[in-house]
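Quick note, the sequence shown lines up with residues 518 to 1023 if you use this note's numbering. Idealized CB from N, CA, C, for every residue including glycine. Okay, structure first, notes after.
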Amino acid sequence: MKTLATLEPLTTRLLEIRRIQSAASVLSWDQETYMPAGGGAARAEQIATLEGLAHEKLVSPEVEKLLTEWIDPSSGQATDTWDEPSRSLLRETWRDFSRAKKLPSDFVIRLSRECSLAQQTWVTAREENRFSKFLPSLKTILELKRDEARYLGYRDSPYDALLDTYEPGATVAQLTPLFAQLRARLVPLLQRVQASTVTIDDSCLHQSFDQTKQLEFGRLVLVAMGYDFERGRLDLSAHPFTTSFHPTDVRVTTRVFEKDLPSCLFSCIHEGGHGLYDQGLDPRFYGSPLGESVSLGFHESQSRLWENCIGRSRAFWQCFYPILQHTFPQQLNAVSLDQFYAAINRAAPSLIRVEADELTYNLHIMLRVEIEQALIEGRAEPEDLPGLWNEKMQSYLGIVPERDADGVLQDVHWSMGAFGYFPTYTLGNLYSVQFFEQAKQEISQLEENVAAGHLIPLRQWLEQKIHRWGRMFTPDHLARRVTGNGVSPEPFLRYLETKYSELYRL
Ligand code: ZN
C-alpha cells in the first residue's frame, strides 16, 4: 500500500502554492485592518499578482503530470492502492486542480483585481449610501462570475458551479427543499413570537459601554474558549472576519460600538469559533488539502455553535454574566441574569443580517440566496437589486430599509465576488445544532461545564471530531461520521421552537 511519502514531489509543490496564497492572505488582512485608503489600487495589483502566480503553479504541467500518474482523470479516483490520507489528498488535490485548470490564468488575475477594487468601492458606496456608486463594479463582478460558472461547467444551474466552490457537493436541487422547510416553520414561529403577550426589553444592551472595556471582555471570552493568542490576534475591521496564514497564525477581527454591546461581544465569539477551527487544523498537513477546512458550511457551524448554542445560552452566562456586570457595574448591576438572557435572545425582524437573532437570521439568508441565484441565472440584473431587496424584506420580515446602506449595500460578499457563499451560512446554522446535540451526548456534563466557565472540553471535542481531519472526508461524509446523519433542518427547528416557546411563553 502506498503512503504519503510517495506523494512528496506533489506535496512539496502544494506547499509552495499554499505559501504564496498565505502571503496574499496577509495582504488582504492588512487591506481590511490597517492599510491606508490610498494604498488600495497598488494592493489590488499585489494580491492579484500573487493569486495569479499560485494559480499558474497549481495548473502547471508538472503538477498535472504528477497527478495523472496516480489518478484516472475520467473518474478522479486514485488508480493504485493507497492508505486513506493519501487517497483523500489525491481526491481533493485533483478537485482543486481540475477546477483551477478550467479557469484561464488571465481570467483569475482579472477577477482578483476587480474584486479588490470593487470591495474598496463598496466601502465608500456604503458609507455614502449610494448604490449607484457601487453599480458599475457590481456589473463587472457579476459578468465575471457568470463567466466563471461557464468555465467551471454545471449540469442544472450555473449557480451550482459557484456554490460548489464553497460547499463541495451542494446544489440548488438540494438547497431548495431545505430552505422551503425552514421557511414553512420559521415564518409562523416569528408570527407567534410577535403575537405573544411577552415583550422583551433589550434597552439594557444599548446603554453607553466603554469600547476598550468591550474589547477586553471579548478577549477574555476568546481566551476561555481556548483561542490561543500566541497563535492569533484580535483587531478591528468594518466587517468582522477570520483569516489564517497557518495554524500558528490565525487572526480574528471585530467591530465595536459604544451603544451596541452585542455587536462586539457576539462577533468576538463568532469569529473565535472560526479561529478555533483554523487553529485546530493539523500543522503537519499545512499546504495540503488535509490541512484545510472541509467547507464553509462546516466553518460557519463552528462559529455559530459558539455564538449561539454557547454564547446565547443561559448556562454560559451563569459564569460570564457576573464578570460582565463587574466590567460594567453602572450599566448592568440592576439588570438580572434572566433579563440579560432574554435581552440577548430577543427576536424581532431587523434590517441587518449580522445583527439578526437566531430566529430571523435564515430569512435574511434566504432573501440573498434567491437574489444571487436569479442574478447568476440571468433572471435579474444588478439595476433591479434595491427594488428586489426591499420587496423580499417586506415579504419575509415585514420591514423595509429606508437606506440602501441598511439594505442591499450591507454585505461585503458580492463586491468580493463571493456569489454562492450565502447558503453556507444556513448550512452552518443547521450543522451547528446537529454537532452541539451530538457533543451533549458525548461530553459528560457539558452544560455543567459551560456553566462553570469550562469551555475547553467542548473545544477539544470539536478539534478531535472535526478540526483535525481537514479535508480527509467530504463534508457530507464528515457530518455522518460526527452525527450519523447528513445536514438536516429538523434539530435546528426543534432547538429554536423550544427556546422561543420558553422565552415568549408560546
Ligand atoms: Zn462566520
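Query - Boundaries of the beta strand (DSSP E) in which Phe762 is found, first to last residue - result: Its beta strand (DSSP E) spans residues Thr759 to His763.
Query - Contact under 8 Å by Cβ, Ile626 with Gly557 - result: The answer is no: Cβ separation not under 8 Å.
Report task. Report yes if the C-beta of Glu817 is less than 7 Å from at least one heavy atom of the ligand ZN; otherwise report no. Result -> Because some heavy atom of the ligand ZN lies under 7 Å away, the Cβ of Glu817 counts as near it: yes.
Query raised in the report: Where do the ends of the alpha helix (DSSP H) carrying Asp673 lie?
Result: DSSP places Asp673 outside any alpha helix (DSSP H), giving it a letter other than H or E.
Report task. Could you check if Asp597 is buried or exposed, using at least 16 other CB atoms within 10 Å of its CB as the buried criterion? Result -> That one is exposed.
Report task. Would you give the residue range spanned by the beta strand (DSSP E) that Leu751 belongs to? Result -> Gly749 to Leu753 is the span of the beta strand (DSSP E), which, as asked, contains Leu751.
Query raised in the report: Do Asn966 and Leu703 come within 8 Å of each other at the CB atom, strictly closer than that value?
Result: In this structure, Asn966 does not lie closer than 8 Å to Leu703 by Cβ.
Query raised in the report: Buried or exposed: which applies to Gln819, given that a residue is buried once 16 or more other Cβ atoms fall within 10 Å of its Cβ?
Result: Here Gln819 is buried: its Cβ has 16 or more other Cβ atoms, across all protein chains shown, within 10 Å.
Query raised in the report: When the Cα atoms are used, what is the spatial distance from Leu628 to Lys619?
Result: The straight-line gap from Cα to Cα measures roughly 14 Å.
Query raised in the report: Would DSSP call Asp766 helix, strand or coil?
Result: Three-state result, Asp766: strand.
**Report entry** Proximity below 8 Å, CB of Leu699 to CB of Pro992
**Finding:** No, Cβ-Cβ distance for Leu699 and Pro992 is not below 8 Å.
Report task. Could you tell me whether any non-hydrogen atom of the ligand ZN is closer than 7 Å to the CB of His971? Result -> No, since every heavy atom of the ligand ZN falls outside the 7 Å radius drawn around the Cβ of His971.
Report task. Using DSSP bridges, identify the partner residues of Phe774. Result -> Residue pairing by DSSP puts Phe774 in a beta bridge opposite Asp777.
Query - Sequence-distant residues of its chain with Cβ nearer than 7 Å to Leu659 (five each side left out) - result: For Leu659, where only same-chain residues beyond five positions count, the Cβ hits under 7 Å are Leu892 and Pro899.
Report task. Could you tell me which residues DSSP puts in a beta bridge with Lys519? Result -> Looking at the DSSP assignment, Lys519 forms a beta bridge with Trp599.
**Report entry** Ser820 Cβ short of 7 Å to the ligand ZN heavy atom set
**Finding:** The beta carbon of Ser820 sits closer than 7 Å to at least one heavy atom of the ligand ZN.
Query raised in the report: Where do the ends of the alpha helix (DSSP H) carrying Asp993 lie?
Result: Bounds of the alpha helix (DSSP H) holding Asp993 are Pro992 to Thr1000.
Query raised in the report: What is the residue span of the alpha helix (DSSP H) that Glu964 lies within?
Result: Residues Leu963 to Ala968.
Query - His787: CB within 7 Å of a non-hydrogen atom of the ligand ZN - result: At least one heavy atom of the ligand ZN is found less than 7 Å from the C-beta of His787.
**Report entry** Reduced DSSP secondary structure (H/G/I, E/B, other) of Asp799
**Finding:** Three-state DSSP puts Asp799 in coil, outside helix and strand.
Report task. Return the CA-CA distance between Ala712 and Tyr948, expressed in angstroms with no decimal places. Result -> If you draw a straight line from the Cα of Ala712 to the Cα of Tyr948, it comes to about 29 Å.
Query raised in the report: Does the Cβ of His791 lie closer than 7 Å to at least one heavy atom of the ligand ZN?
Result: Checking every heavy atom of the ligand ZN against the Cβ of His791, one is found closer than 7 Å.
Query raised in the report: DSSP state of Gln594, grouped into three classes?
Result: Note: Gln594 maps to strand in three-state DSSP.
Query raised in the report: Among Thr520, Lys656, Val580 and Leu583, which one has its Cα closest to the Cα of Trp599?
Result: Closest option to Trp599, Cα to Cα, is Thr520.
**Report entry** Beta-carbon proximity list for Ala541, same chain, < 6 Å, skipping 5 on both sides
**Finding:** If the five residues before and after Ala541 are omitted, its C-beta is found closer than 6 Å to the C-beta atoms of Ile564, Leu567 and Glu568, all from its own chain and listed in chain order.
Requested in this report: For Glu533, collect the residues of the same chain with a Cβ closer than 7 Å to its Cβ; drop the 5 residues on either side in sequence, then sort them by chain order.
Outcome: Result list for Glu533: Lys574, in chain order.
Query raised in the report: For Phe845, which of Ile882, Cys781, Phe734 and Gln856 has the nearest alpha-carbon?
Result: Answer by Cα proximity: Phe734.
Query - Own chain partners of Asn825 with C-beta closer than 7 Å, once the 5 adjacent residues on each side are dropped - result: Counting only Cβ-Cβ distances below 7 Å, and skipping sequence neighbours, we find Glu875 and Ser949.
Query raised in the report: Are the CB atoms of Gly789 and Tyr744 nearer to each other than 8 Å?
Result: Against a cut-off of 8 Å, the Cβ pair of Tyr744 and Gly789 comes out as a contact.
**Report entry** Beta-bridge pairing of Asp589 - partner residues as DSSP gives them
**Finding:** For Asp589, the beta-bridge partners assigned by DSSP are Gln594.
Query - CA-to-CA distance, Val852 to Val767, given in whole angstroms - result: Taking the straight line from one Cα to the other gives about 36 Å.
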